Amino acid sequence: MIKEIDDIPAPLLSSTPVQMVRGWYVESFQDILSLESVAQIDENRAEEYVEKFTQTISMILKRHAPVVVSIAQGILELKRTHGEHFMGRPIQYFLDRIYMSRIGIRMLIGQHCELFGNKSSPKTMVGVIDERCDVPAVIMDAIDNARFLCEQYYFASPDVSVVMPHQTEEAFRFPYIPSHLYHMIFELLKVGLDVLCA
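So the mapping is simple: my numbering equals the position in the sequence shown, first residue as 1, plus 248.
(1) By the 10 Å Cβ neighbour count, where 16 or more other Cβ atoms means buried, how is Val443 classified, buried or exposed?
(2) Does the beta-carbon distance from Pro265 to Gln321 come in below 7 Å?
(3) Can at least three beta-carbon pairs, one atom from the stretch 308-328 and one from the stretch 344-361, be found at a separation below 8 Å?
(4) Which of the three DSSP states is assigned to Ile433 in this structure?
(5) Between Ile377 and the rest of its own chain, which residues show a CB-CB distance below 8 Å, the 5 nearest in sequence each way excluded?
(6) Can you tell me which of Arg337, Ile323 and Leu441 puts its alpha carbon nearest to the alpha carbon of Ser263?
(7) For my contact list, Ser447 and Cys361 are in at a C-beta cut-off of 8 Å; report their separation, rounded to the angstrom.
(8) Suppose the cutoff is 7 Å on Cβ atoms and the five residues either side in sequence are ignored; what does the same chain contact list for Pro450 look like?
(9) Rounded to the nearest angstrom, what separates Gly440 and Met412 at their Cα positions?
(10) Are Ile308 and Ser276 touching if we call contact CB-CB under 7 Å?
(11) Give a yes or no on whether the C-beta atoms belonging to Leu343 and Leu260 are separated by under 7 Å.
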C-alpha cells in the first residue's frame, strides 16, 4: 500500500491527509516487522506470541479506521486546488486499489482478532462470519440508522419496509459477515433516502 500511495500523482500525494495515511501504513509495516520471526518462536511460548500478534494487528485495525475519511479529504483538497479535471484514471485506479485492499486486509485482521482475541462471541459466530446471519434483522438495523441520519439532516425521512416473499424467516439466514451486509445496505439506503428527501 505504501508503494501504491507513492505512485499517485504528486498533488494528491503531497496533501496532508494522504501523507497521514501513508504514515499510518509505514507505522503499521514497522509494527509487523518488529514482531518476532516465526522461525524464532519457542513452541512453549506460542500462545504468548499469538496474543502479541493479535494485539498488534488489532492496534493496526484501529489506527487505520479513518483511512477512508482521510483519503476523501485529500481528494476534496485536490478538487479545490486543481479542479475536477484532475480526477483522471490514475487517481480512480488508486482509489479502487486502496479501497479493495482495505476491505480484504480489514476482513483478515478482523477474522483473526475475533477467532483469537474475542472469547465471548455468540455461538453462531466463527470470527466475523455469522453462520446464521439474520438478513432481515441486519437490513432493519441499516434502515433504522439511515432513517435516523436522514431525519437529522432533512428533519424527515420516508418509511422503508422490507418485503419478503412467502418463505420462512429461516430461508433468510445463511453464513455471511453481518457488518459487511450492514454497510452495503446502509450506503445504498443513504443514497436512496438522500434522493427522496432532497
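Every residue, glycine too, gets a C-beta built ideally from N, C-alpha and C. In this text the structure is predicted, and so the values were computed from the model without any measurement.
To lay it out plainly:
(1) That one is exposed.
(2) Yes, Cβ-Cβ distance for Pro265 and Gln321 is below 7 Å.
(3) Yes, the stretch 308-328 touches the stretch 344-361.
(4) Three-state result, Ile433: helix.
(5) By the criterion of a C-beta distance shorter than 8 Å, Ile377 is surrounded in its chain by Gln359, Pro423, Tyr424 and Ile425, once the five residues flanking it on both sides are discounted.
(6) Taking only the C-alpha atoms, the option nearest Ser263 is Ile323.
(7) Outside the shown range of the chain, which is 249 to 446, sits residue 447, and nothing can be said about it.
(8) Missing from the structure shown is residue 450; the chain here goes from 249 to 446 and no further.
(9) Near 19 Å, if we compare the C-alpha coordinates of Met412 and Gly440.
(10) Their beta carbons are under 7 Å apart, which means Ile308 touches Ser276 by this criterion.
(11) Not closer than 7 Å, so no.
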